[in-house]
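Each residue of the sequence shown is one higher than the one before, counting from 15 in this note's numbering.
Positions of the beta carbon are idealized from the N, C-alpha and C atoms, including for glycine.
First up is the structure itself, then whatever we jot down about it.
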Amino acid sequence: MNMIQAINSAMDVVMARDPDVVVMGEDVGYFGGVFRATAGLQKKYGKTRVFDTPITECGIIGVAVGMGAYGLRPVPEIQFADYIYPALDQLVSEAARLRYRSAGEFTAPITVRSPFGGGIFGGQTHSQSPEGIFTHVSGIKTVIPATPYDAKGLLIAAIEDNDPVLFFEPKRIYNGPFNGHWDRPAENWSKHPGGEVPTGYYRIPLGKAATVREGEAVTILCYGTMVHVVAGVVAEMEVDAHILDLRTLVPLDIEAIEASVKKTGRCMIVHEATRTGGYGAELSALVQERCFYHLEAPIARVTGFDTPYPHSLEWAYFPGPVRIGQALKTLLKDA
């Protein structure tokens, strides 16, 4: 399966198991979603469980919070993560706080799916990576898969979770892994082990990182599309890197990070989002606090820049092989 098919399969499996799961969003019904992630679900489960909404992100999430409080498990789709900002008040002030302010009487078991990230020439309004905003909010879990296998297992776990989950889908790798070389032929998931997805039910616990590659020279922390870009650079440079795919930003598998950095003595963090206040800054602080006496070099970050995502300079902004490779050389120069 590719990632779109895996996400569709996850919703299909959970909807068959639990009649309280409903799917909602702009064009998710008859049309099957702009990326076809919900294709066929309305025909199978009906218009009361898979339905289109008006173009109002605030309204979509507000309704989902109410549904969750009354016992349903809504899976709203925000068509592009760039348009999630009108829903911030409902996500932050309502969904994230509901369990706390009601002393556990009410919960908001909603899973907000949204394609995010660049690499598709989407420009500033279709390429943003806003995950850092939500990791700052207590009460929200943030999940970002890097393979179809993980996407299905993590999405099932997210839908079954009793807390609100933001499930960001890296749209650049919907149809295949991407090594960062935009000028090379595209790959598909059929040749990647992560594309081997069971058709039935399985779940991957939230908060568990995945080791992409064992290594001794440097720890690289990444997620989403960057997992494949980093793996490609490490292979080309023949660097003995330990690559961790975080998969879940909140809750974070800090134990896996700490064990790896203490082993390698060096740490690089790679993400596509803006640098200042990005999730990499939190990761850097955590590594510094827990692994200071094991570090043999300053922690390195390779990220997007502090600008809107540029359309004409897509590959200058995107943390690609050149920038990652340069950062690795600097980090390992005295190794």
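May I have the straight-line CA-CA distance separating residue i from residue j, to the nearest angstrom?
i: aspartate 66; j: glutamine 104; result: 19 Å
i: valine 126; j: lysine 347; result: 43 Å
i: threonine 225; j: alanine 270; result: 9 Å
i: tyrosine 323; j: proline 184; result: 15 Å
i: cysteine 281; j: valine 79; result: 39 Å
i: arginine 63; j: asparagine 189; result: 27 Å
i: lysine 166; j: methionine 25; result: 8 Å
i: proline 144; j: alanine 101; result: 13 Å
i: serine 326; j: threonine 139; result: 13 Å
i: lysine 343; j: glutamate 252; result: 12 Å
i: isoleucine 124; j: glutamate 286; result: 26 Å
i: valine 106; j: valine 151; result: 7 Å
i: histidine 256; j: aspartate 175; result: 30 Å
i: aspartate 41; j: glycine 146; result: 27 Å
i: glutamine 19; j: glycine 294; result: 30 Å
i: alanine 95; j: proline 312; result: 32 Å
i: serine 361; j: isoleucine 98; result: Nothing can be reported for residue 361: it is not among the residues displayed for the chain, which extend from 15 to 349.
i: valine 35; j: arginine 186; result: 27 Å
i: valine 37; j: glutamate 310; result: 49 Å
i: isoleucine 69; j: lysine 205; result: 38 Å
i: threonine 239; j: arginine 261; result: 11 Å
i: valine 301; j: leucine 180; result: 24 Å
i: valine 241; j: serine 274; result: 16 Å
i: arginine 227; j: glutamate 272; result: 16 Å
i: glycine 73; j: glutamate 201; result: 38 Å
i: aspartate 254; j: tryptophan 203; result: 25 Å
Give me the Cβ distance between residue i and residue j, rounded to the nearest whole Å; I'm assuming they're in contact under 8 Å.
i: alanine 160; j: aspartate 259; result: 5 Å
i: asparagine 22; j: alanine 53; result: 6 Å
i: glycine 292; j: threonine 317; result: 6 Å
i: arginine 111; j: glycine 153; result: 6 Å
i: glutamate 119; j: isoleucine 92; result: The pair is not a contact, with the Cβ atoms about 27 Å apart (cut-off 8 Å).
i: glycine 221; j: tyrosine 163; result: At roughly 17 Å, the Cβ-Cβ gap does not stay under 8 Å, so glycine 221 and tyrosine 163 are not in contact.
i: isoleucine 75; j: alanine 30; result: With a Cβ gap of about 25 Å, isoleucine 75 and alanine 30 do not count as contacting.
i: alanine 314; j: leucine 345; result: 5 Å
i: glycine 289; j: phenylalanine 319; result: Sequence inspection shows arginine at residue 289; the glycine mentioned does not correspond to that position. Yes, they are in contact, since the Cβ atoms of arginine 289 and phenylalanine 319 sit about 7 Å apart, within 8 Å.
i: valine 264; j: threonine 149; result: 5 Å
i: serine 128; j: phenylalanine 182; result: 6 Å
i: proline 178; j: valine 243; result: In fact, because the Cβ distance is near 29 Å, the residues do not count as touching under 8 Å.
i: isoleucine 170; j: valine 28; result: 6 Å
i: leucine 168; j: isoleucine 218; result: 5 Å
Provide the residue(s) that pair with residue i in DSSP beta bridges, ordered along the chain.
i: glutamate 303; result: Paired residues: none, contrary to the question.
i: methionine 15; result: Paired residues: none, contrary to the question.
i: proline 184; result: Phe130
i: threonine 161; result: None, per the DSSP bridge assignment.
i: histidine 256; result: Thr233
i: serine 224; result: Correcting the residue identity first, residue 224 is alanine in this sequence and not serine. In the DSSP output, where bridge partners are listed per residue, alanine 224 has Asp259.
i: threonine 288; result: Gly318
i: isoleucine 268; result: Isoleucine 268 pairs with nothing; no bridge assigned.
i: glycine 39; result: Asp66 and Glu91
i: methionine 282; result: Ile234 and Ala314
i: valine 179; result: Thr125 and Lys155
Chain D beta carbons: is any one of them nearer than 8 Å to that of residue i?
i: glycine 73; result: Absent here is chain D; the protein component of the structure consists of one chain.
Compute the minimum distance between the beta carbon of residue i and the heavy atoms of the ligand SAM, and state whether it is under 7 Å.
i: valine 275; result: Of the ligands one can find in the structure shown there are none, so the ligand SAM has no counterpart to examine.
Scan the segment 119-155 and note each continuous beta strand (DSSP E) run of 3 residues or more that stays entirely inside, going in chain order. Complete beta strand (DSSP E) runs here, min 3: 125-130.
For the segment 133-142 against the segment 207-214, are there 3 or more C-beta pairs whose distance is under 8 Å? Too few Cβ pairs lie closer than 8 Å, so no.
Check whether the segment 184-195 and the segment 114-122 are in contact - that is, three or more C-beta pairs closer than 8 Å. no
Runs of alpha helix (DSSP H) lying entirely within the segment 62-115, each at least 4 residues, in chain order: Listed in chain order, the complete alpha helix (DSSP H) runs (minimum 4 residues) inside the segment 62-115 are 71-83 and 112-115.
Would you check if there are 3 or more beta carbon pairs closer than 8 Å linking the segment 84-94 to the segment 53-62? no
Any chance the segment 226-233 sits against the segment 277-295, with 3 or more Cβ pairs inside 8 Å? Yes: the two stretches touch, three or more of their Cβ pairs being nearer than 8 Å.
At least 3 beta-carbon pairs within less than 8 Å: the segment 241-251 vs the segment 298-312: no
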